[in-house]
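These protein sequence lines are chains A and B, in that order.
Counting with this note's numbering, you get residues 1 to 128 for the letters of the first sequence.
Counting with this note's numbering, you get residues 129 to 256 for the letters of the second sequence.
Glycine included, C-beta positions come from ideal geometry on N, C-alpha and C.
Everything on this sheet refers to the single structure shown next.
Number of protein chains: 2
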Amino acid sequence: MEPGSKHFRKRDAILAYLRTTDQHPSAETVYASLKPQIPDLSLGTVYRNISLFKQQGLIVSLGSVNGVERYDGNIDPHVHFVCTGCGTISDLHGMHVPEELNAAASREADAMVDHCHLTFHGRCRECC
Amino acid sequence: MEPGSKHFRKRDAILAYLRTTDQHPSAETVYASLKPQIPDLSLGTVYRNISLFKQQGLIVSLGSVNGVERYDGNIDPHVHFVCTGCGTISDLHGMHVPEELNAAASREADAMVDHCHLTFHGRCRECC
DNA sequence: TCGTAAACGTGAATGATTCTTATTTACGAC
DNA sequence: GTCGTAAATAAGAATCATTCACGTTTACGA
């Protein structure tokens with residue numbers, strides 16, 4: 001938002017939160033995290049804006065873990081690890097999917113591929 | 129089931145269907161596909177058995193597409209393409225995630241990785 | 001000050017999935 | 001064969017994440 005404007009206050013807070021955290025939160029988590037600072041925030045607003053950000057490509061969905069969709073405000077491609085015990089998602093910045101695989105996938109699928117997700121699943125140290 | 133036994137009739141039909149198709153169906157799709165042959169099949173049975181198969185490692189979940197979970201009866205690791213238009217999931221048998229990446233991920237995540245999913249997203253020829 | 005459109009809060013609606021409960025089924029012991 | 005038991009099931013209610021509908025608030029420009 002423009003400085004001094006109160007327009008889009010909540011929308012911006014939601015996006016800022018998603019961009020700041022590395023927790024890959026759910027909508028509920030975003031809501032719970034912002035509620036103390038923004039007492040009149042509603043869950044509907046969180047869902048509405050998250051869905052807007054997704055459309056605009058400002059955030060990405062990481063899919064659902066235990067039936068709850070998770071989001072990432074860091075849109076440059078990276079690899080994830082999901083703990084099947086506690087549901088924690090963490091970034092694996094040390095690994096990369098070679099860009100050229102997208103082209104290979106396009107060819108094999110006979111489709112227009114625009115991105116891919118590489119996700120490892122297992123149990124973190126705390127969960128086993 | 130043992131030959132000659134009628135025990136586990138529906139359970140086996142569900143597993144057989146999942147192993148036979150390459151459609152990566154949802155629970156609803158499994159139900160609709162088997163209903164004609166098994167008129168007294170119920171959706172609850174499909175969900176119950178799918179959840180059992182998942183636990184036992186007989187099938188894998190591919191995550192949700194448009195809010196609906198999808199399953200694969202082919203449990204050896206392979207790559208998928210998901211069309212964001214029509215929701216079709218197809219196999220990319222020509223591509224592989226090198227086994228040794230699991231070890232690298234274990235190391236970086238400090239966790240016990242047991243499998244990974246590589247999924248490309250885009251639009252199939254019919255959808256654009 | 002007024003009009004307008006975007007953003008929002010609230011609560012109802014939706015829909016996939018899970019749970020509950022009573023029923024059916026197969027099989028072993030007698 | 002009959003009875004007891006445990007697994008599998010059908011049916012429908014319940015749950016819960018997400019979306020929708022609608023009336024209200026807010027900011028800004030005319």
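#### Entry: Other residues of its chain near Tyr175 of chain B: CB distance less than 8 Å, five sequence neighbours each side excluded
Start at 1 with the first residue of the second sequence, and residue 175 of chain B comes out as number 47. Excluding sequence neighbours, Tyr175 of chain B sits near Ala155.
### Query
Between the C-alpha atoms of Asp72 of chain A and His224 of chain B, what's the straight-line distance to the nearest angstrom?
If you number the first sequence from 1, residue 72 of chain A lands on position 72. If you number the second sequence from 1, residue 224 of chain B lands on position 96. Cα-Cα distance, rounded: 26 Å.
#### Entry: Spatial neighbours of Arg198 of chain B in its chain, beta-carbon cut-off 8 Å, leaving aside the 5 residues before and after
Position 70 of the second sequence, counting from 1, holds the residue named residue 198 of chain B. Within the same chain, His152, Pro153, Ser154, Ser189, Leu190, Gly191, Ser192, Ile217 come within 8 Å of Arg198 of chain B by CB-CB distance, once the 5 residues on both sides are set aside.
### Query
Just the Cα atoms here: how many angstroms apart are Arg235 of chain B and His93 of chain A?
Taking the first residue of the second sequence as position 1, residue 235 of chain B is located at position 107. Taking the first residue of the first sequence as position 1, residue 93 of chain A is located at position 93. Using only the alpha carbons, I get a separation of about 12 Å.
### Query
Taking the DSSP output, what are the residues bridged to Gly63 of chain A?
The count along the first sequence starts at 1 and reaches residue 63 of chain A at position 63. Gly63 of chain A is bridged to A:Arg70.
### Message
If you measure between the beta carbons of Leu229 of chain B and Ile187 of chain B, is that distance less than 8 Å?
### Response
Start at 1 with the first residue of the second sequence, and residue 229 of chain B comes out as number 101. Start at 1 with the first residue of the second sequence, and residue 187 of chain B comes out as number 59. For the pair Leu229 of chain B and Ile187 of chain B, the CB atoms are not nearer than the 8 Å cut-off.
### Task
Put Ser42 of chain A into one of helix, strand or coil per three-state DSSP.
In the first sequence, the residue the question calls residue 42 of chain A occupies position 42. When DSSP states are grouped into helix, strand and coil, Ser42 of chain A belongs to the coil group.
### Residue burial classification, Asn177 of chain B (beta-carbon count within 10 angstroms, cutoff 16)
Taking the second sequence and counting its residues from 1, the one referred to as residue 177 of chain B is at position 49. Classification of Asn177 of chain B: buried, given that the 10 Å Cβ count is 16 or more.
### Message
Using a Cβ-Cβ cutoff of 9 Å, what residues of the segment 94-120 of chain A are near chain B? List them in chain order.
### Response
Gly94, Met95, Val97, Leu101, Asn102, Ala104, Ala105, Ser106, Arg107, Glu108, Ala109, Asp110, Ala111, Met112, Val113, Asp114, His115, Cys116, His117, Leu118, Thr119, Phe120
### Query
Would Thr119 of chain A be called buried (16 or more neighbouring beta carbons within 10 Å of its own) or exposed?
By 1-based counting over the first sequence, the position of residue 119 of chain A is 119. That one is buried.
### Message
The alpha helix (DSSP H) that contains Thr157 of chain B, what's its start and end?
### Response
Your numbering for residue 157 of chain B matches position 29 in the second sequence. First-last of the alpha helix (DSSP H) with Thr157 of chain B: 155-162.
#### Entry: Contact set between the segment 183-197 of chain B and chain A, restricted to residues whose Cβ is under 7 Å from the partner
Taking 7 Å as the upper bound on Cβ-Cβ separation, chain A lies near residues Gly191, Ser192 of the segment 183-197 of chain B.
### Message
So Ser90 of chain A contacts chain B; which residues on that side make the cut at Cβ distance below 8 Å?
### Response
Here residue 90 of chain A refers to the residue found at position 90 of the first sequence. Ala237, listed in chain order.
### Task
Consider the Cβ of Cys86 of chain A: report whether some Cβ of chain B lies at a distance smaller than 8 Å.
Position 86 of the first sequence, counting from 1, holds the residue named residue 86 of chain A. By this cut-off, Cys86 of chain A is not an interface position.
### Message
Can you confirm whether Phe81 of chain A, when its beta carbon is compared against all beta carbons of chain B, has any partner nearer than 8 Å?
### Response
Taking the first residue of the first sequence as position 1, residue 81 of chain A is located at position 81. Interface residue, yes.
### Query
Got a sec, what are the start and stop residues for the beta strand (DSSP E) Asp219 of chain B sits in?
For this step, residue 219 of chain B is matched to residue 91 along the second sequence. Asp219 of chain B -> beta strand (DSSP E) spans 217-220.
#### Entry: Where Leu169 of chain B falls, given that 16 or more other Cβ within 10 Å makes a residue buried
Numbered from its first residue, the second sequence carries residue 169 of chain B at position 41. With 16 or more Cβ atoms within 10 Å of its Cβ, Leu169 of chain B is classed as buried.
### Message
Just to confirm before moving on: does the CB-CB distance between His121 of chain A and Cys244 of chain B stay below 8 Å?
### Response
In the first sequence, counting from the first residue as 1, residue 121 of chain A sits at position 121. In the second sequence, counting from the first residue as 1, residue 244 of chain B sits at position 116. Yes; because the gap between Cβ atoms is below 8 Å, this pair is in contact.
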